[in-house]
Amino acid sequence: MSGRGSLLSLFKKKDEPSEISASIGDQIKDSGLDANQSLSSGEYRRVARDNVASELATSFQNVNISVGRGRGRGHFLQTIMAGGIQPVESINTIGSSEGIDMGATSSKFEVSVEKSGSDHNQNLVADAKTCITKPGLFLPNQIYGVKVGRGRGRGHFMQTIMAGGIQPVESINTTGSYEGIDMGATSSKFEVSVEKSGSDHNQNLVADAKTCITKPGLFLPNQIYGVKGNQINVSTNYICLNSDPSKGVYLYEVRFNPNVDSIHLRIKYLNEHKDKFGGTKTFDGCLLYLPILLKEELTTFVTKTAENGEIEIRLLFKKKESLKDCIQLYNILFDRIMRTLKYVKFDRKNFDPTQPKIIPIAKLEVWPGYVTAVDEYDGGLMLCCDVSHRLLCQRTVLEELVDIYLQNKSCFQEQAKMYLLGSIIITRYNNRTYRIDDICFTENPQSMFETRNGSCSYIEYYKTHHNINIKDIKQPLLISKKQQKYEKNEDEIRYSLIPELCYFTGIHDDIRADKKLLRDIAAVTRVTPNQRILALEKYVKNVNTNVEAKQILANWGLTLANNNVSVVGRKLLDEQIYFANKTVSAGPNADFSRDATNSELLDVVHIDNWLLIYHKNDFRACNSFMKHMETCCAAFGMRINKPKTLTLDQDRIDSYVDALRRNIVSETQIVVCICPTSRDDRYSAIKKICCAELPVASQIINARTLLNDGKNRSIVQKIILQMNCKLGGSLWSVKIPFKKVMICGIDSYHDPSQKSSSVAAFVASLNATYTQWYSKAVVQTKREELVNGLTSAFECALKSYKRRNGYLPDSVIIYRDGVGDGQLNLCSMFEIPQFEAISGKNIKITFIVVQKRINTRFFTGSNNNYTNPSPGTVVDKGITRAQMYDFFLVSQSVRQGTVSPTHFVVLRDDSNYGPDIIQKLSYKLCFLYYNWPGTVCIPACCMYAHKMAYLIGQSVQRNTSATLAEKLFYL
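full-length UniProt numbering applies: residue 1 is where the sequence shown begins, and numbers increase by one.
As structure tokens, this is what we get:
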């Protein structure tokens, strides 16, 4: 039974009289819930008895209260104390407690009301019906009308009292101010005007709402907006979606008598009566969504079957959907709109095939498009719309297979699978996309398969259904597997595809290796802020001027606003960067690359024993590398001795492996391999030796990068910085004034070609300056984003922290990357308890989810003169999620295209740091990634976790040695 049903059923039970003192009045029944079921949105109107309301109203001022020990007593005490009423003594309970679904409780306990100036105590039994979805003051039943001012915390207070059934009657100006209290908790003061029933006199009090945690569900404190920084105006790519209050989404359960199993027939029979409920609907075979409320709660139709039988269709009204329950429907509507505008859908994005941009040299074409999503935000219902592009190859998969065959005749099948598996292809005869899961070399277009009308060959099928003549009758078939939806069994749908009818989409590895081609692609796909605004305006205009598209929204009472949403953001102050011998400002662009290459390093590790391996043809590159190392290391304060050098005659993997195994000794600090080309198999073999078999820091360099005389010095400087980090050194720091706080980062990697393999990486700080890190990888056997093996990694990190510092941290701040919106509740319920189980009650946990692959975009400026916001821009209101403690942060400065903000969601904050501290900390951590002398888009701990997970999952594919755990060996 749902929570709402349980709540109603409780108050439909036989009323039991409450014991009330004779001085108050006669016995009355327990106050119940009068549910207005025509508003089936889950909002119930709380009704109180007049005499109880009057008595409580009379005794609210100038009273002392004694409260018994019944269940719910603690909550009631907090409530009345928040209102300024002090209990004078505790007495025994005379009532009992009953549980209500949705976490609500009904608690009976004795309350002694002592009026000022009177010796007479009046006793009553308080029946507290608690059903609060957010923390705040407990207000039982409807006893006052409330006017709420505009002070900080007002929204939270209004939600709280409305959850109790009390409706605010008007807004008035605030008389209070914001005040901070200890331990990061916040106290928000605002004027509340309490209007007594039957009286024109208003009494004002100042409500004090304190931070607390909601369970179950996402963490939502009272104070979720920061105030630090300079305010700026920010334009967004959000558009308001206005809804007609006279319309809504009404849910009906559809039943057929006798029962009809076929969904196709159910839809057919229901459509025969669409004139009786309107043509606009969404029906999945069981549940029917309508934009109108039918006259009767139970509506019945009768339809005729093909056999001239009769089937009764019953439409039973269930409820009016709340706004949050309509989000999926609204997104379906915009998918319909995109189809109306002739766009083609790829995953969750839609593209225009009629306006491709051609890159002729590479035989590529780029389809422009949009990615849209409707959701409920602080500012109401909105559509997020961003520009997107899809890259398609004009060469068929068959042409690629022919090239692979000509180059690898002896191992054609293995090379073909290595190249194709995991790729996304499109069949242009129906513009559908598929993922290649296998290649069937035992079948070809002449092979037979079963259809509803019997067996036929692929050649016959394509000729009959698509009028396509297949030319190559010997080509293998591509296999794509898809899990069946809405089915309980594990059977998969198997698609057999013809290579000559398939085209690659996306960027393949060979395209990524061609830097010139990547620049050509970027010139088409990299969109400036002005271009994004123009594309957004074009989309809105297309929707609002297309009659059919506009009608789709109008049918459900929706209209799309003409202008995008603007919000108020804040620009945090510029950061100071600390080197060993100086302090510099990162500046407005958060760039300190010049200082990073000519300043003494914060923590230097001298290199005395190291191994240099190179191929005999790369002697010039090796000599250039050594020469620049000698001249550059002095500026960093490093001492680098001459290495033990090994020259290889052959560029074979086993040559590198043998050289490593013979020459790595316990004194070896680092191994440097200069390789002729970039090869994944060679790289993987070297890393497996150095990370697992013979643990030692390693640096692999492509010889070609050392032959550019103009850039050699800069390249070698960056290599030296990497080598220092891999040996346990630090380059720079920022000021983070925390004591006994450990900061952690988590990310995961999924191998696209191996669905059963994934790696999660855990990184934790070890020192007070957050420049030393502990790293551990957890290899998972199933493809899942939520990690189930973090307990051991966290425990090892705590041991390392204590070994270094002599004590455990008081607080742990965890940044979790790679969690989508749909997994937030699972993350809260599944991952956080793992950390609690290890840390116990003595360590406070703050858990923050980091989402970098989002479609939100910000712009500053106006009138077609838009630019990217500066690094340090924070937005935490207007477009942040309803019912979430979240914010957006722009941490990078980009010279081309549009900057992407990062979304942070706070799932737990036991330390009560508050939004300003968390926002500023998140920005500071973006400066501490040592592979870049500036800011990165996510905190450094997450970036390190990402690098480690990718290295282990892509190359090492096994657990690394524990001796490397306290070094950034994966940079």
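Positions of the beta carbon are idealized from the N, C-alpha and C atoms, including for glycine.
Under the three-state reduction of DSSP, ARG395 is assigned to strand.
Distance from the Cα of ALA692 is smallest, within the candidate group VAL567, VAL665, THR963, for THR963. For ILE746, the pairing in a beta bridge is given by DSSP as PHE762, ARG816. Three or more pairs of CB atoms, one per stretch, sit closer than 8 Å, so the stretch 673-688 contacts the stretch 612-631. When ASN864, GLY878, LEU907, TRP932 are compared, the shortest CA-CA separation from GLU537 is found for ASN864. Between TRP610 and VAL763, the alpha-carbon positions lie close to 27 Å from each other. Its Cα nearest to that of ASN530, the residue PRO869 stands out among LEU288, PRO869, PRO258. Under the three-state reduction of DSSP, PHE277 is assigned to helix.
GLU831 sits in a helix when the DSSP states are folded into three classes. By the neighbour-count criterion, in which a residue is buried when 16 or more other Cβ atoms sit within 10 angstroms of its Cβ, LEU928 is buried. By the neighbour-count criterion, in which a residue is buried when 16 or more other Cβ atoms sit within 10 angstroms of its Cβ, VAL568 is exposed. PHE847 is bridged by DSSP to ILE814, ARG908.
Cβ-Cβ separation between LEU573 and GLY729: approximately 28 Å, too far for a contact (criterion under 8 Å). Non-local C-beta neighbours of GLN699 in its own chain, meaning closer than 6 Å and more than five positions away in sequence, comprise VAL672, MET723, ordered along the chain. Between the beta-carbon of ILE263 and that of GLY285 there is about 4 Å, and that keeps the pair under the 8 Å contact cut. Annotated as proximal: ILE479 and ILE439, with beta-carbon spacing under 8 Å.
DSSP places MET382 in the strand class (E or B) of the three-state scheme.
The continuous alpha helix (DSSP H) containing ILE720 extends over residues 712-726. Cα atoms of PHE219 and VAL906: separation of roughly 7 Å, rounded to the nearest angstrom. Given a length threshold of 4 residues, each whole run of the alpha helix (DSSP H) inside the stretch 668-714 is given here in chain order: 680-688. Within the UniProt domain "PAZ" (396-506), the complete beta strand (DSSP E) segments of 3 residues or longer fall at 424-427, 432-435, 438-440, 448-451, 454-457, 477-483, 492-497, 502-505, listed in chain order. Contact check for LEU391 and LEU364: beta-carbon distance about 6 Å, within the 8 Å limit, so the pair qualifies. The beta carbon of ILE358 lies closer than 6 Å to those of GLU365 in the same chain, with the five residues before and after it left out. Annotation for SER800: no beta strand (DSSP E) segment contains it, though the alpha helix (DSSP H) segment containing it runs 790-805. DSSP places PHE317 inside the beta strand (DSSP E), whose first and last residues are 310-320. Pairing LEU727 with VAL605 gives a Cβ-Cβ distance under 8 Å. Nearest to THR236 by alpha-carbon distance, out of GLY379, LEU421, GLY822, TYR815, is GLY379.
For SER243, the closest alpha carbon among the candidates THR282, VAL234, LEU383, VAL344 is that of LEU383.
Between VAL374 and ILE327, the gap from beta carbon to beta carbon is short of 8 Å.
ARG314 places its beta carbon less than 8 Å from that of ASN257. In this structure PHE858 is buried. Its beta-carbon is surrounded by 16 or more other beta-carbon atoms within 10 angstroms.
ALA768 sits away from ILE746, with the two beta carbons spaced by 8 Å or more.
Short of 7 Å from the beta carbon of SER922, and not among the five residues preceding or following it, lie these beta carbons of its own chain, in chain order: LEU889, PHE904, PRO939. The three-state reading of DSSP puts ARG639 in coil, since its state is none of H, G, I, E or B. If you look at PHE346, you'll find it in the beta strand (DSSP E) that goes 344-346. Per DSSP, the continuous alpha helix (DSSP H) segment holding ALA945 begins and ends at 940-951.
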